[in-house]
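> Okay, here's the structure, questions in a sec.
2 protein chains.
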Amino acid sequence: MNDIVRILKEKGFKVTPQRIAVYNVLMNTKEHPTVEAIYNKLQPMYPTMSLATVYKSLEVFRELNLVQELNVGEDKFRYDANVKQHPHIMCIDCGRVDDVDDEMFFNLKDEVASKTGYELVGQKLYFYGRCPSCKRK
Amino acid sequence: MNDIVRILKEKGFKVTPQRIAVYNVLMNTKEHPTVEAIYNKLQPMYPTMSLATVYKSLEVFRELNLVQELNVGEDKFRYDANVKQHPHIMCIDCGRVDDVDDEMFFNLKDEVASKTGYELVGQKLYFYGRCPSCKRK
DNA sequence: TATGATATGGATAATAATTATTAATTAATA
DNA sequence: TATTAATTAATAATTATTATCCATATCATA
Numbered sequence: 000m001n002d003i004v005r006i007l008k009e010k011g012f013k014v015t016p017q018r019i020a021v022y023n024v025l026m027n028t029k030e031h032p033t034v035e036a037i038y039n040k041l042q043p044m045y046p047t048m049s050l051a052t053v054y055k056s057l058e059v060f061r062e063l064n065l066v067q068e069l070n071v072g073e074d075k076f077r078y079d080a081n082v083k084q085h086p087h088i089m090c091i092d093c094g095r096v097d098d099v100d101d102e103m104f105f106n107l108k109d110e111v112a113s114k115t116g117y118e119l120v121g122q123k124l125y126f127y128g129r130c131p132s133c134k135r136k
Numbered sequence: 000m001n002d003i004v005r006i007l008k009e010k011g012f013k014v015t016p017q018r019i020a021v022y023n024v025l026m027n028t029k030e031h032p033t034v035e036a037i038y039n040k041l042q043p044m045y046p047t048m049s050l051a052t053v054y055k056s057l058e059v060f061r062e063l064n065l066v067q068e069l070n071v072g073e074d075k076f077r078y079d080a081n082v083k084q085h086p087h088i089m090c091i092d093c094g095r096v097d098d099v100d101d102e103m104f105f106n107l108k109d110e111v112a113s114k115t116g117y118e119l120v121g122q123k124l125y126f127y128g129r130c131p132s133c134k135r136k
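These protein sequence lines map, in sequence, to chains U and F.
Residue numbering for the first sequence is 0 to 136, as defined by numbering that gives the first Met the number 0.
Residue numbering for the second sequence is 0 to 136, as defined by numbering that gives the first Met the number 0.
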């Protein structure tokens with residue numbers, strides 16, 4: 000059985016076609032889509048699904064830690080089915096958002112904790128630049 | 000003469016009491032205030048100043064690179080008169096936002112560039128945790 | 001110092017993303 | 001299958017931000 004189905008059941012949430020559809024969009028992309036983008040991608044297959052349902056599905060997934068929310072500085076959120084906190088990089092020309100391998104950030108948390116006196120629980124690391132394809136132009 | 004006055008003049012912007020007031024709030028705080036917070040702080044001294052004026056002043060300052068905009072993941076921006084890109088840390092309990100010394104991030108950009116193939120131009124680094132005072136409770 | 005061109009401030013309306021509400025529908029389970 | 005509780009979808013409400021409009025303040029120039 001699909002993971003998402005099992006987890007929803009375990010946590011007492013209902014398994015609906017809409018939720019599965021929203022989650023599958025996120026599972027099958029590397030594009031870190033916005034709510035709008037997810038909605039648009041689902042339109043052809045689920046023409047009756049409303050934007051509010053996309054929002055609510057994402058809210059449930061976030062609660063269950065099945066997706067993470069990104070804010071790269073736009074006035075809206077993007078979503079990622081990869082819930083491991085990892086850095087992202089955005090192209091300032093074309094707007095695409097990519098993952099950044101995070102092995103180089105291993106000891107960052109400890110260093111920040113000792114510098115600031117905070118007890119660290121998380122981090123959001125965003126980089127900005129020109130992607131390989133935009134660089135060429 | 001005040002720096003802000005000189006720069007506004009040089010760039011052909013008019014020097015108004017409102018602009019100076021907004022800038023001074025930012026100069027004299029380490030709190031990374033929101034627009035609302037700036038507005039509230041100015042109310043006693045400038046009771047006729049409107050929220051729109053705060054927004055517009057900040058827009059000018061951002062254009063002139065006199066302030067930087069932060070988005071720590073709230074649904075609003077915070078502002079900092081320190082325009083050098085540096086990491087921030089937010090307390091998940093009380094909401095305060097502090098600076099993080101950035102010497103430890105020196106070679107980060109180069110590493111990210113070589114990993115991703117992007118040409119790096121900037122970064123936003125946010126950490127989350129419990130501040131020393133909230134930790135004690 | 002006075003004048004006049006023009007950018008700015010302040011009030012308010014508009015916008016856009018998100019959240020709340022609600023009635024009708026649907027799924028889970030006895 | 002009936003009951004119950006959760007969910008959907010449509011819509012309204014909310015909230016941060018941006019745009020508009022015009023009286024007014026600023027400042028170069030006379």
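Where is the CB? At the ideal position from N, CA and C, for every residue including glycine.
When DSSP labels each residue in this structure, what does K10(U) get in the three-state scheme?
coil
> With distance defined between alpha-carbon atoms, name the residue in H85(U), R5(U), K108(U) and P46(U) nearest to F126(U).
H85(U)
> When burial is assigned at 16 or more other CB atoms within 10 Å of the CB, is V24(U) buried or exposed?
buried
> In whole angstroms, what is the alpha-carbon distance linking A140(U) and Q17(F)?
Residue 140(U) is absent from the structure shown; chain U starts at 0 and stops at 136.
> Would you be able to state if there are at least three C-beta pairs under 8 Å between the region 84–103 of chain U and the region 85–101 of chain F?
no
> Run down chain U in chain order and give the residues with a C-beta less than 7 Å from the C-beta of V99(F).
V111, K114 and T115
> List the endpoints of the continuous alpha helix (DSSP H) containing D92(U).
First-last for D92(U): undefined, no H or E at that position.
> Apart from the five residues just before and just after L41(F), which ones in its own chain have a Cβ nearer than 6 Å to its Cβ?
A20 and M48
> What residue from K123(F), S132(F), N81(F) and Y117(F) has the CA that sits closest to R135(U)'s CA?
The residue with the shortest Cα to Cα distance from R135(U) is Y117(F).
> Who are F126(U)'s beta bridge partners in DSSP?
I88(U) and Q122(F)
> With a threshold of 8 Å between beta-carbons, can N70(U) be considered close to chain F, or not?
yes
> Does G128(F) pass the burial test, meaning 16 or more other C-beta atoms within 10 Å, or should it be called exposed?
buried
> I'd like to confirm the pairing. Which residues does DSSP put opposite Q17(F) in its beta bridges?
Residue pairing for Q17(F): DSSP places it in no beta bridge.
> From the DSSP output, in three-state form, read off V99(U) for me.
coil
> When the Cα of Y22(U) is compared with those of F60(U), K114(U) and K123(U), which residue comes out closest?
F60(U)
> Output needed for K8(U): all residues of its chain with C-beta closer than 8 Å, excluding positions within five of it in sequence on either side, in chain order.
V14
> Tell me, which residues are paired with Y54(U) by DSSP?
Residue pairing of Y54(U) in beta bridges, as defined by DSSP: absent, with no partner found.
> Please return the same chain residues whose Cβ sits closer than 7 Å to the Cβ of L63(F), not counting the five positions on each side in sequence.
I6 and K10
> Can you check which of these residues, S132(U), T52(U), V82(U) and V53(U), is closest to T115(F) by C-alpha distance?
S132(U)
> Taking C-beta to C-beta, are L57(U) and V82(U) nearer than 8 Å?
no
> When DSSP labels each residue in this structure, what does D2(F) get in the three-state scheme?
helix
> Where does T47(U) fall in DSSP's three states?
coil
> Please list, in chain order, the chain F residues whose beta carbon lies closer than 8 Å to that of V120(U).
I91, Y127, G128 and R129
> Which of the three DSSP states, helix, strand or coil, is assigned to E158(U)?
Outside the modelled stretch of chain U, which goes from 0 to 136, sits residue 158(U), for which no answer is possible.
> Please confirm whether L124(U) and F104(U) have their CB atoms less than 8 Å apart.
Going by beta carbons, L124(U) and F104(U) fall inside the 8 Å limit.
> For the beta strand (DSSP E) containing D79(F), name the first residue and the last one.
R77 to D79
> Can you list, in chain order, the residues of its chain whose CB lies under 7 Å from that of D101(F), leaving out five sequence neighbours each side?
The answer, listed in chain order, is H85 and P86.
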